[in-house]
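All remarks here apply to the structure that follows.
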Amino acid sequence: MTNNNNSNSKRCTVVCPKCGRRTTFNLIMDAIDDEGEFYCCQHCGWTFHYKVAI
């Protein structure tokens, strides 16, 4: 799988630990904190931690 977008708009998909549905978000752009580690489920609004290993 190749990603033609730049790294600031990288899309990630995770399963929400609360509702169990897949949620998709853009790294950096969709972060709800300054460090870019916390996001909200697009379905139920649950806040989850997502940290990228660099």
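Each residue of the sequence shown is one higher than the one before, counting from 29 in my numbering. Think of the CB as a built atom: it goes at the ideal place given N, C-alpha and C, for glycine as much as any other residue.
For the 8 angstroms CB-CB criterion, C47 and C69 form a contact. With a 10 Å radius around the Cβ and a threshold of 16 neighbouring Cβ atoms, T75 comes out exposed. H71 and T51 do touch by the CB rule: their CB atoms are close to 6 angstroms apart, below 8 angstroms. In the three-state scheme derived from DSSP, where H, G and I count as helix and E and B as strand, Y78 is classed as coil. The shortest CA-to-CA distance from A81 to any of G73, I60, L55 and D62 is the one to L55.
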